[in-house]
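Enquirer: I am attaching a structure below and will ask some questions about it afterwards.
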Amino acid sequence: MAIFAIGDIQGCYDELRQLLDRVNFDPAEDGLWFAGDIVNRGPESLEALRFVRNMGDQAVTVLGNHDMHLLAVAQQASPRLKAKDTLAQILDAPDAGDLLEWLRHRPFLHTDRELGYSLVHAGLPPQWDMTQATAAARELEEVLQGPDHQDFLAVMYGNEPDQWDESLTGADRWRFMINCFTRMRFVTEDGRLDLNTKCAPGEQAQGLYPWYQAPGRRSADEHILFGHWSTAGQSEGVNFSDHNVYALDTGCVWGGTLTAFRMDEDGGWTTVDCQGCMAPGED
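Count the sequence shown with UniProt numbering and you get residues 1 to 283, in order.
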């Protein structure tokens, strides 16, 4: 049995199937972890979402910012679809209700202590150890899966507050948490989120750190798989293993590749090139 972690699909369904063929994925034995952003910007978001949902317990996927955007639009808790979105095919599908209900019940963080890995879409703030990160994820999931989830989706947008404080409550608390799990890239030396800088690691302004290089990061001893940041996954000369993190998003939907990492004693990375799913402009 093998378990593969796969970066952001973003509607690149054909590339996903090619990647599974390349790693000799055995649907009777093997498992898959998906780093979130199953949907949006690529041409086959509906097919990708159906495929992952239909795998049942064989697949784990955490929620990404594009997945949350889909839920917010569907619940009319978000501004309208953006010009570059490819979500209408899901919203108009006959099984949209089932797909969205399934998506709403996905986790923000997944940990397997036996394997020794955790999976998150974007990152963890330096103030959290894994116990705190897990508690935050479960807190968010309870709200998202509860009867007032539409209210939660309506207040999740925004960049403030930008620093963790245990005394945060309500919308401010949830917004900080969800920005960490689904949007973060850089932090300041004192652990504040910078959600506006989107360049590759090493190109940022002085005083900013990739979240996994933050001074005093309390999750530094954990092995963390993450997606979201395609320019990190595509960067050369960045030794992520020095920080116990593994960048899975290699920008397939932006003309890069789709990547799988095998999480066992064999390890190893496998990629397939973009085959035409490329979307205009990254965000």
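All residues carry an ideal CB built from backbone N, CA and C; glycine is no exception.
Model, not experiment: these values are computed from the prediction.
#1: If contacts are defined as beta-carbon pairs under 8 Å, then G207 and E189 qualify, I think. What distance do you get, rounded to the angstrom?
#2: Rounding to the nearest angstrom, what Cα-Cα distance links V52 and Q127 in this structure?
#3: Apart from the five residues just before and just after I38, which ones in its own chain have a Cβ nearer than 7 Å to its Cβ?
#4: Report buried or exposed for R113, applying the criterion of at least 16 other Cβ atoms within 10 angstroms of its Cβ.
#5: Could you tell me whether the region 19-28 touches the region 269-277, using the rule of 3 or more Cβ pairs below 8 Å?
#6: Within 8 Å, do at least three Cβ pairs link the region 184-201 to the region 224-232?
#7: Quick check on DSSP: helix, strand or coil for S118?
#8: Just the C-alpha distance for C277 and V155, rounded to the nearest angstrom, thanks.
#9: Looking only at DSSP bridge pairs, what is H110 linked to?
#10: Do you know how far the Cα of V120 is from the Cα of D283?
#11: Is the region 204-222 close to the region 180-189, with three or more CB pairs under 8 Å?
#12: Can you tell which of I6, Q150 and D14 has the C-alpha that lies nearest to the C-alpha of R104?
#13: Here's a check: name, in chain order, each residue in its chain whose Cβ is nearer than 7 Å to the Cβ of G227, leaving out the five neighbours to either side.
#14: Do you know offhand how far Q58's Cα is from P27's?
#15: If we call anything under 8 Å between Cβ atoms a contact, is L46 one with A5?
#16: Suppose you measure from the CA of G216 to the CA of P107; what does that come to, to the nearest Å?
Expert: Taking the definition as stated:
#1: Start at 1 with the first residue of the sequence shown, and residue 207 comes out as number 207. Start at 1 with the first residue of the sequence shown, and residue 189 comes out as number 189. Correct: roughly 6 Å between the Cβ atoms.
#2: Here residue 52 is taken as the residue at index 52 of the sequence shown, counted from 1. Here residue 127 is taken as the residue at index 127 of the sequence shown, counted from 1. For V52 and Q127, the distance between alpha carbons rounds to 32 Å.
#3: Translated into positions along the sequence shown, residue 38 becomes position 38. Counting only Cβ-Cβ distances below 7 Å, and skipping sequence neighbours, we find I9, A48, L49, V52, T61 and D67.
#4: Here residue 113 refers to the residue found at position 113 when the sequence shown is read from its first residue. Classification of R113: exposed, given that the 10 Å Cβ count is below 16.
#5: yes
#6: yes
#7: Taking the first residue of the sequence shown as position 1, residue 118 is located at position 118. The answer is strand: DSSP assigns S118 an E or B state.
#8: Walking along the sequence shown from the start, residue 277 turns up at place 277. Walking along the sequence shown from the start, residue 155 turns up at place 155. Distance between the alpha carbons of C277 and V155: 32 Å.
#9: Numbered from its first residue, the sequence shown carries residue 110 at position 110. L119, per the DSSP bridge assignment.
#10: Working through the sequence shown from its first residue, we reach residue 283 at position 283. Working through the sequence shown from its first residue, we reach residue 120 at position 120. Unreliable placement is indicated for D283, whose pLDDT of 48 sits below 50; the coordinate value is still reported in the next sentence. Whole-angstrom Cα-Cα distance: 18 Å.
#11: yes
#12: Along the sequence shown, one-based indexing puts residue 104 at 104. Taking only the C-alpha atoms, the option nearest R104 is Q150.
#13: Here the question's residue 227 lines up with position 227 in the sequence shown. If we look at G227 and ignore the five residues flanking it on each side, its Cβ neighbours are G7, D8, A35, G36, D37, G64, H121, L248 and D249.
#14: To locate residue 58, count along the sequence shown from 1; it is residue 58. To locate residue 27, count along the sequence shown from 1; it is residue 27. C-alpha separation (whole angstroms): 8 Å.
#15: By 1-based counting over the sequence shown, the position of residue 46 is 46. By 1-based counting over the sequence shown, the position of residue 5 is 5. No, the Cβ-Cβ distance between L46 and A5 is not below 8 Å.
#16: Here residue 216 is taken as the residue at index 216 of the sequence shown, counted from 1. Here residue 107 is taken as the residue at index 107 of the sequence shown, counted from 1. The alpha-carbon atoms of G216 and P107 are separated by roughly 26 Å.
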